[in-house]
Structures are given as C-alpha cells and as structure tokens.
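Q: Pasting a structure below so you can have a look.
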C-alpha cells in the first residue's frame with residue numbers, strides 16, 4: 025500500500041509547489057474560522073450567564089439570599105422576591121411531567137410494540153409534527169378551549185368529588201376559575217407529550233431485536249418483554265428524555281402565561297392562580313423601566329431560571345450520552 | 034425474568050397453579066396493552082383537538098384582508114400584513130446570520146475536534162443552548178443590544194433568532210458530517226487536496242441535504258418563537274421595515290391580540306395562528322421529504 029502511494033504522491037510534490045503553498049494559507053484560515061465559531065458558542069453561553077447575573081446583581085445585593093424564598097412582589101414599595109415564581113415553575117413543571125410521562129410511555133409502547141406496521145409511521149410522524157407546533161398555539165388553545173371547559177365541568181366536578189376528601193381534599197378546593205396552576209400544568213403536559221413520546225419511541229427502537237426475540241421465545245407476553253427487557257435496557261435514556269421534557273416545561277413561557285392566572289401568591293389548592301418565572305418575566309417586563317430595581321429583579325429571576333434549567337439539561341445530557349454516541 | 038422461569042417448573046407439579054399463573058400473566062398483559070392504547074387515544078384526542086380548534090377558528094377568521102391590510106385599531110377591519118412581513122424579514126435575516134456560524138461550529142466539531150476536550154465542551158454547551166429556555170436568550174439580547182443602544186429594534190430580534198437557530202444547525206451539521214465515511218476524506222486528502230477544500234467541496238456537498246433539513250427545521254422553530262421577541266423587536270402596530278426601529282412580528286401580534294378583549298382582534302389572532310402553524314408544519318414536511326428523498 026505504502027509503496028503504491030509513494031510514487032504518485034512523490035512526483036507532484038515537487039512540481040506542484042506553488043498551488044500547495046496557496047492551499048497552506050487556506051487551511052489555517054478555515055481552521056481558525058471553525059475554531060473561532062466554536063469558541064463563539066462558549067462565549068455565547070458565558071455571555072448569557074454573565075449578562076443575566078450582572079443584570080440581576082442589584083436585586084441580589086438589595087435582597088440578599090432571601091430573594092430566593094421571599095414571597096413578596098410589590099412594585100410600588102419595590103420589594104421583590106422569587107419564592108412564588110420559583111414555586112410555580114417547579115410545581116407546574118413537575119406536575120406536567122407526572123401527567124405526561126405515563127401517557128407518553130403508552131404512546132411509545134403502542135408505537136413500537138402494539139400498533140400494526142401500517143399505522144406506526146403516520147402516527148409517529150403526527151406525533152413528531154405536533155412536537156413542532158409553536159408553544160403560543162398551545163397557549164391559545166388552552167386559554168380559549170381548555171380553561172372554559174375546566175371552569176365549567178372539570179373543576180366543579182373535582183371540587184365536589186375530591187374536595188371533601190380528608191388528606192388530599194385541600195388540593196381540590198376553591199373557586200373554579202378555569203385558569204391556574206392545574207390548567208397550566210395540563211397544557212404543559214400536552215405540549216411536552218409529543219416530545220417525550222417521540223424520544224421514548226426512538227430509544228425503544230434501539231433495543232436489539234435479538235433481546236426481544238429471545239424473551240418472546242421464552243414465552244414472555246408483550247408487556248413482560250417491555251417491562252423485563254426493553255425498559256431495563258433503555259431506562260437511563262428514558263430518564264434523559266424525561267429530563268429534557270422537564271427542561272422544556274421549566275422554561276416554557278407562552279403556553280403558561282395564557283393560562284396560569286398570573287397572581288403572586290402560593291395557594292394550597294391546585295386550582296388557584298399562580299405564576300412562573302417565565303410568565304412573570306414576560307408579563308412584568310413591559311412595565312419595568314431600564315435601570316429600575318424591578319428590571320434587575322426580573323433579570324435575577326432569569327438567572328435563577330437559567331441555573332435550574334442548566335442543571336436539568338446537563339443531567340439529561342449526561343443520561344442520554346450513550347444514545348448520542350450510538 | 035422470575036415470572037418466566039417459575040411457570041416452566043410448575044406445570045409438572047401442579048397444573049392448576051400453572052394455569053392461574055398463566056392467566057394472571059395474560060391478564061396483566063391485556064391490562065397493560067389496554068392502558069397503552071387508552072393513553073395513545075387520549076393523547077391523540079388532545080392533539081387532534083388542538084389542530085381542529087386551530088383550523089376551525091383560523092379558517093373562519095381567514096380572509097384576504099388578513100394578508101393585504103396592516104394591523105389597525107379594533108373594529109376597523111385590519112389585517113396582519115405588517116406582522117407577516119416583519120416576521121419574514123427577521124426570520125430570514127436570523128437564518129442568514131445563524132446558519133453559517135452554526136455550520137462552522139458543526140464543521141469544527143466533526144472535522145477538527147473529534148474526541149478533543151475543547152470540542153466536547155463546545156458540543157455540550159451547544160446542546161445546552163439547544164434546549165435552553167428561549168426567553169433567557171431574549172433577556173440576554175435585551176441586555177446586549179437593546180439597553181446599550183437605547184431601544185428595541187428589529188436587529189435585536191434578528192440577533193435573538195440567530196442565536197436560537199445556531200445550535201440547531203450545529204447539531205445537524207455535526208450529525209450529517211459524522212455520517213460521511215472516512216474513506217471519502219482519505220481519498221480526497223490522498224489526491225493532494227488541502228483540508229478546507231475537502232470539507233467545503235466534498236464533505237459539505239455530501240451532507241448538504243441533511244444540513245438543509247436541519248436549517249428548515251430551525252426556521253420552523255424560530256418562526257414560532259414569541260418569548261425572545263418580546264424583549265428585542267417588541268412589536269409595532271405600524272408598517273415598518275426599518276431594522277433599527279421596533280419591528281412587528283406575527284407571534285407577538287398573535288400574543289397581544291389573543292389576550293385582548295376585542296372580538297375581531299381575537300379572530301385575527303386565530304388567523305395568524307393558523308398561518309404560522311401551516312408554515313411551520315409545511316417546513317417540517319418539506320424537511321422530512323427532502324431528507325427521506327435524498328437519503
């Protein structure tokens with residue numbers, strides 16, 4: 025091999041010295057451009073962190089660490105705290121995950137094991153397309169269709185049936201506004217459902233058929249193959265996909281702003297209004313002047329949201345790394 | 034696994050136990066299948082409900098003046114022309130700026146930094162940016178371009194959209210370049226070509242349909258972005274193509290109209306929502322058919 029290559033390479037080397045030199049200029053330039061763009065991405069993330077932190081610094085200095093759990097938000101007296109919005113962000117996102125994951129699992133199970141072949145592709149494509157629908161559409165749909173349905177039928181029914189129950193009754197009390205924490209979580213769940221379902225389906229499809237076939241050969245039922253072979257094989261990636269969905273739910277702005285009710289208080293009932301970091305920033309931003317303490321508080325909220333989502337997303341990357349490599 | 038080994042021992046000793054075990058396994062299988070199908074049905078009902086609502090309300094509100102008139106005060110029969118044009122300008126410029134940067138980063142990751150630590154960090158950061166809440170990117174551009182330059186502007190919106198599309202292009206470019214067999218690279222280098230020519234003329238060319246797919250998906254994503262534009266191009270009720278001024282955009286107009294108490298504005302919001310969804314779904318379908326056609 026080396027013999028064969030040596031002769032053709034050897035001849036032009038000397039003869040083609042001028043073009044070769046020109047090419048040598050192009051190479052470092054191109055390499056530099058690529059490297060600079062790569063470094064630019066790092067600068068971008070660094071810039072986001074630093075600008076949010078510096079912007080929020082006045083608020084952090086004024087209110088100290090208490091900013092994180094103080095539930096005050098009073099633009100008139102200029103007292104701000106992030107407690108309510110952090111609570112709302114975390115609670116709606118976690119409720120959305122709890123609602124979405126079982127359904128997404130069912131969809132993925134159906135699409136990989138149960139549905140006939142001719143149905144898998146169209147339904148799978150529909151799920152993927154729905155994951156691409158802009159979040160503001162989900163917000164409008166929730167606001168104009170789901171919120172009225174909730175206030176007229178679902179919430180009164182739940183208040184009457186579960187509201188009196190000892191232990192969990194307090195979760196289902198209060199007036200049926202339609203909007204609120206519960207509706208926001210539901211809309212978020214519907215929004216991240218296609219996303220999580222598509223991820224789970226991709227992951228399930230990566231299980232080598234041989235594993236499943238040998239389990240079937242032992243006489244396992246479809247469910248036992250799912251429970252005993254597919255899930256153990258894929259559980260880390262599934263967890264990663266769920267974390268990715270959680271990351272989306274945490275930072276979602278438009279779908280939530282429409283339906284959460286936007287009130288700065290923590291209510292024990294799930295039907296009460298609340299807010300999230302993203303909804304507060306989106307709504308209050310227009311009323312805050314440049315350089316004001318309120319703007320700084322909003323940027324500080326942004327910084328907190330960034331830290332939360334960074335942790336969640338980094339965890340999901342870590343869990344999904346084997347799938348990304350494969 | 035224990036569930037499968039026990040029955041195989043049991044039948045010889047006790048047929049009744051085996052039958053009971055078998056039927057309980059069958060029962061749980063039937064229940065799991067039923068619940069999964071139910072979950073799929075519930076999910077599909079919700080998701081079709083979104084599309085049906087959108088198409089019903091959107092087509093009802095749709096008429097020619099949506100595309101020929103600019104936004105007007107409520108009750109005066111306005112349209113969405115300025116918002117649509119504003120969105121087109123910002124999305125086009127954002128894509129034009131973000132795509133080359135994203136391609137360079139993706140090329141760096143696939144061709145220069147395979148297995149290197151720095152490359153790993155860049156890949157990780159790009160993936161974080163890919164899923165980072167877009168509202169934070171809006172806040173970032175606000176402190177970078179809006180505060181120092183004294184006002185909301187179309188350019189700030191363009192910058193925010195470009196930042197959002199970069200990681201999408203990075204991801205697809207790297208994925209597509211990684212699919213190219215190394216023998217192809219070796220053959221080009223073996224012919225005496227410099228590396229940059231190999232990348233531009235051979236690697237990019239082989240990966241182009243995949244990269245275009247990624248760019249189309251990226252356009253679909255930024256076309257529907259609302260949150261980052263709130264803090265950057267802000268929105269504008271007049272006709273404006275001046276990028277140094279606040280610029281209207283379709284998502285922002287939908288957002289403010291849908292929350293308004295005026296019936297005709299709400300209808301316009303549905304019309305706009307339909308326009309944007311059709312555009313996004315169309316781009317997705319185009320990207321899919323392009324990719325499956327050329328693969």
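Residue numbers (this note's numbering), protein chains in the order written: chain A, 25 to 350; chain B, 34 to 328.
Where a beta carbon is used, it is the ideal one built from N, C-alpha and C, also for glycine.
Since we're looking at a predicted model, the values are computed, not measured.
(1) Please report the straight-line C-alpha distance between residue 57/B and residue 114/A, rounded to a whole angstrom.
(2) Of all the options 197/A, 140/A and 165/A, which has the alpha carbon lying nearest to the alpha carbon of residue 208/A?
(3) Taking its Cβ as the centre, do 16 or more other Cβ atoms sit within 10 Å of residue 160/B, making it buried, or is it exposed?
(4) Per the DSSP calculation, residue 298/A is bridged to which residue(s)?
(5) Quick one: is residue 332/B buried, meaning 16 or more other Cβ sit within 10 Å of its Cβ, or exposed?
(6) With a threshold of 6 Å on Cβ separation, who are the neighbours of residue 186/A within its own chain once the five nearest residues in sequence on each side are excluded?
(7) Quick check on this structure: which residue in 182/B, 308/B and 105/B has the alpha carbon closest to the alpha carbon of residue 253/B?
(8) DSSP on residue 330/B, reduced to helix/strand/coil?
(9) Shorter than 7 Å from the beta carbon of residue 233/A to some beta carbon of chain B?
(10) Give me the residue from 279/A, 272/A and 275/A with the minimum Cα distance to residue 284/B.
(11) What runs of the alpha helix (DSSP H), each 4 residues or longer, lie entirely inside the region 84 to 145 of chain A?
(12) Is the separation between the beta-carbon of residue 256/B and that of residue 313/B shorter than 7 Å?
(13) How about residue 319/A and residue 80/A: are their beta carbons less than 7 Å apart?
(14) Compare the Cα-Cα distances from residue 116/A to each of 263/A, 293/A and 315/A and report the closest residue.
(15) Sort out for me which residues DSSP pairs residue 267/B with in a bridge.
(16) Between which two residues does the alpha helix (DSSP H) carrying residue 257/A extend?
(17) Tell whether a beta-carbon distance below 7 Å holds between residue 95/A and residue 105/A.
(18) Under three-state DSSP, which class holds residue 51/A?
(19) Just confirm the distance between the C-beta atoms of residue 216/A and residue 272/A, as a whole number of angstroms; I'd bet it's less than 8 Å.
(20) Please classify residue 67/A: is it buried, with 16 or more other beta-carbons within 10 angstroms of its beta-carbon, or exposed?
(21) Mark residue 179/A as exposed unless 16 or more other C-beta atoms lie within 10 angstroms of its C-beta, in which case mark it buried.
(22) Identify each residue in the region 151 to 184 of chain B for which the Cβ-Cβ distance to at least one residue of chain A is less than 8 Å, and report them in chain order.
(23) Using 7 Å as the limit for Cβ to Cβ distance, is residue 317/B near chain A?
(24) Quick one: does residue 138/B have its CB under 7 Å from some CB of chain A?
(25) Can you tell me whether DSSP reads residue 189/A as helix, strand or coil?
(26) Kindly indicate which three-state DSSP category residue 176/A falls into: helix, strand or coil?
A: Reading from the atomic positions:
(1) Here residue 57/B refers to the residue found at position 24 when the second chain is read from its first residue. Here residue 114/A refers to the residue found at position 90 when the first chain is read from its first residue. Approximately 39 Å, taken between the alpha carbons.
(2) As a working note, residue 208/A is residue 184 in the first chain. Of 197/A, 140/A and 165/A, the residue nearest in Cα terms is 165/A.
(3) On the second chain, position 127 is the one that residue 160/B refers to. It counts as buried.
(4) Locating residue 298/A in the first chain gives position 274, counting from the first residue. Bridge partners of residue 298/A: 285/A.
(5) Outside the displayed range of chain B (34 to 328) lies residue 332/B, so it cannot be described from this structure.
(6) As a working mapping, residue 186/A is identified with position 162 in the first chain. Counting only Cβ-Cβ distances below 6 Å, and skipping sequence neighbours, we find 196.
(7) Locating residue 253/B in the second chain gives position 220, where the first residue counts as 1. The shortest C-alpha separation from residue 253/B is found at 308/B.
(8) Absent from the structure is residue 330/B, since the part of chain B shown begins at 34 and ends at 328.
(9) For this step, residue 233/A is matched to residue 209 along the first chain. No - not a single Cβ of chain B is within 7 Å of the one on residue 233/A.
(10) Translated into the one-based positions of the second chain, residue 284/B becomes position 251. Considering only alpha carbons, the answer is 279/A.
(11) 107 to 133
(12) Reading the second chain from its first residue, position 223 is the one you call residue 256/B. Reading the second chain from its first residue, position 280 is the one you call residue 313/B. It is a contact, given that the beta carbons lie within the stated cut-off.
(13) Looking up residue 319/A in the first chain gives position 295. Looking up residue 80/A in the first chain gives position 56. Taking 7 Å as the Cβ cut-off, residue 319/A and residue 80/A do not qualify as a contacting pair.
(14) Here residue 116/A is taken as the residue at index 92 of the first chain, counted from 1. Nearest of 263/A, 293/A and 315/A to residue 116/A, Cα basis: 293/A.
(15) Counting from one through the second chain, the residue named residue 267/B turns up at place 234. For residue 267/B, which the question treats as bridged, DSSP gives the partners 280/B.
(16) Along the first chain, read from residue 1 onward, the residue named residue 257/A stands at position 233. Looking at the DSSP string, the run of the alpha helix (DSSP H) that includes residue 257/A is 255 to 275.
(17) Against the first chain, residue 95/A aligns to sequence position 71. Against the first chain, residue 105/A aligns to sequence position 81. For residue 95/A and residue 105/A, yes; Cβs fall inside 7 Å.
(18) Residue 51/A sits at position 27 when you count from the first residue of the first chain. Three-state DSSP puts residue 51/A in a helix.
(19) Sequence index remark: in the first chain, residue 216/A carries index 192 (1-based). Sequence index remark: in the first chain, residue 272/A carries index 248 (1-based). Confirmed, about 5 Å.
(20) Taking the first residue of the first chain as 1, we reach residue 67/A at position 43. It counts as exposed.
(21) Position 155 of the first chain, counted from the start, is the residue given in the question as residue 179/A. Its Cβ being crowded by 16 or more others within 10 Å, residue 179/A is buried.
(22) 151, 152, 154, 155, 157, 158, 159, 160, 161, 162, 164, 165, 166, 167, 168, 169, 170, 172, 173, 176, 177 and 180
(23) On the second chain, residue 317/B is found 284 positions in, with the first residue counted as 1. Yes, residue 317/B lies at the interface with chain A (some Cβ there is under 7 Å from its Cβ).
(24) For the purposes of this step, residue 138/B is taken as the residue at position 105 of the second chain. Cβ-Cβ to chain A under 7 Å: yes for residue 138/B.
(25) Taking the first residue of the first chain as 1, we reach residue 189/A at position 165. Here residue 189/A sits in coil by DSSP.
(26) Counted from its first residue, the first chain places residue 176/A at position 152. Note: residue 176/A maps to helix in three-state DSSP.
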